[in-house]
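Presented below is the structure to which this report refers.
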Ligand SMILES: Cc1cc2nc3c(=O)[nH]c(=O)nc-3n(C[C@H](O)[C@H](O)[C@H](O)COP(=O)(O)OP(=O)(O)OC[C@H]3O[C@@H](n4cnc5c(N)ncnc54)[C@H](O)[C@@H]3O)c2cc1C
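In the numbering used here, the protein residues as written are 53 to 536.
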């Protein structure tokens, strides 16, 4: 067995573990990080940026974003089923964290953006080649890691931690196994757990959230996110919380394919369920949480976004009505061609049919009459108003001329939320609310602040929560190690 010593051990190096390691090292602690994968960054390597409120970007862009206003909005949204002290601290620190990322770690941001028109411009997108691109999160992660390493933090890659050592009721170290199979024991005063939840553990997802992976939940299963930290903390005497999924919706096969397909089908098109009925104001399709929730409620947790050839041509010629930074092709002029090619390649989450009856058959809508009635009723409303769900007139486009196209949407999840009970200093608490001396946690393993539904109206919210709570945990763990 290899033996090492540290003040603070961090388990996991996604944005929360990286921020914890960097902050603890910056504050003078000797830090060792266990990381299961061969790269740091976790799920955030696929993301674009964290939340900030009251930042210099917002001031420069004359965007109104005040902690007081957004805190009130957030707490109304969650019905106060949330740790208000933690939310307040996170929001209040977020501008300083954006400045820390920029000035201390060297991250460059493209600016502060909305995710969709009704959201706030809190999403600080990390610049990719000086502009907006996907995966800026990976650039941010590398910068935080470099800062941690510059301050002496040591990373043990491909070395999953498997146990937190407790002696006399206090943290005494952590044990992992390296890539060669050898055990590594690091004695320390404080441990920060930041393992990113259990998105890659279907059994734990079922037990803790009730969803069936690839049944009624097509979440991102980032390899290695097995719930290790949540289980290790419980074994060490820490308390557990309810867990949830950070809800979204997606085309399971096409979401990561050519952008024109998700970009077209995520428009506020006619959306029906398997019973052939509409079930929401499709304008809300921009809010991925609301739409994922609504789809979850439908028969077989599935929904069909439908357009006809006239709408397809309109998008191809003039561009889509609603754009976002995630699926943002310059244009969708090749939509028809791409759909044909993808269907020929065996993609099954998009469908094309010459008649509505044929479309219903391909989508598994048994009650064809109800579906045709829905389309007729919808077409009538396109000439007056949406008296059913009040979708704005500009998004009402009749379905008349074949061929018809449908995208088959399922509920999805960026990952799981919650699992470890903490206070606003990120100190782990027992089920009885007593501190577990020396034990801290951060990031999605601890994130129960949204109540029942992820808060997409203030975007950048999970990565923001992760970096900020990582810093809180790193700071507290370093101070505890120094005192003890
Ligand atoms: C496609 C996509 C896009 C996203 N975009 C955004 C965005 O733009 N803005 C936003 O706010 N949020 C975004 N998110 C969400 C955000 O990325 C996550 O909430 C965030 O990465 C969670 O951070 P974390 O540190 O808690 O966990 P993770 O990032 O999941 O990292 C956990 C780390 O722990 C490691 N680990 C696991 N078990 C062990 C173990 N036993 N020992 C050692 N290491 C272990 C893992 O290998 C991993 O490196 C996105 C998510 C996805 C999937």
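Glycine residues also receive a C-beta, built at the ideal position from the N, C-alpha and C atoms.
Using a cutoff of 7 angstroms, the CB of residue 189 counts as near ligand 1, since one of the ligand's heavy atoms is closer than that. When distances are taken from the beta-carbon of residue 213 to the heavy atoms of ligand 1, the shortest one is below 7 angstroms. About 29 angstroms separates the Cβ atoms of residue 311 and residue 254, ruling out a contact at the 8 angstroms cut-off.
Between the alpha carbons of residue 232 and residue 261 lies a distance of about 35 angstroms.
Per DSSP, the continuous alpha helix (DSSP H) segment holding residue 137 begins and ends at 136 to 151. Listed in chain order, the alpha helix (DSSP H) runs fully inside the region 65 to 136 are 67 to 78, 108 to 112 and 119 to 130, counting runs of at least 4 residues. Going by beta carbons, residue 146 and residue 341 fall outside the 8 angstroms limit.
Under a 10 Å Cβ-count criterion, residue 485 is classified as exposed, with fewer than 16 other Cβ atoms of the shown protein chains found around its own Cβ. The region 60 to 71 and the region 109 to 119 do not touch, with fewer than 3 CB-CB distances between them shorter than 8 angstroms.
If you look at residue 258, you'll find it in the alpha helix (DSSP H) that goes 254 to 261. Distance from the CA of residue 393 to the CA of residue 277, rounded to the nearest whole angstrom, comes to 34 angstroms.
When the beta-carbon positions are compared, residue 518 and residue 496 come within less than 8 angstroms of each other. Out of 414, 190, 76 and 168, the CA that lies nearest to the CA of residue 515 is found in 190. Distances between the C-beta of residue 311 and the heavy atoms of ligand 1 are all 7 angstroms or more. When distances are taken from the beta-carbon of residue 506 to the heavy atoms of ligand 1, even the shortest one reaches 7 angstroms or more.
Taking C-alpha positions only, residue 65 is separated from residue 325 by approximately 40 angstroms. Straight-line measurement puts the Cα of residue 532 at about 21 angstroms from the Cα of residue 213.
Of the other Cβ atoms in all chains shown, 16 or more fall within 10 Å of the Cβ of residue 527; this residue is therefore buried. Restricting attention to 378, 202, 426 and 371, the CA atom closest to the CA of residue 385 is found in 371.
Residue state for residue 170 is assigned as coil, using DSSP reduced to three classes. Residue 164 is not a Cβ neighbour of residue 530, given a cutoff of 8 angstroms. Our two residues, residue 332 and residue 441, have alpha carbons roughly 6 angstroms apart in a direct line. Comparing C-alpha distances from residue 158 to each of 144, 134 and 200 shows the shortest one belongs to 200.
Between residue 507 and residue 343, the alpha-carbon positions lie close to 13 angstroms from each other. The alpha carbon of residue 320 has as its nearest neighbour, out of 376, 489, 351 and 305, the alpha carbon of 376. In this chain, the beta strand (DSSP E) harbouring residue 357 covers 355 to 359.
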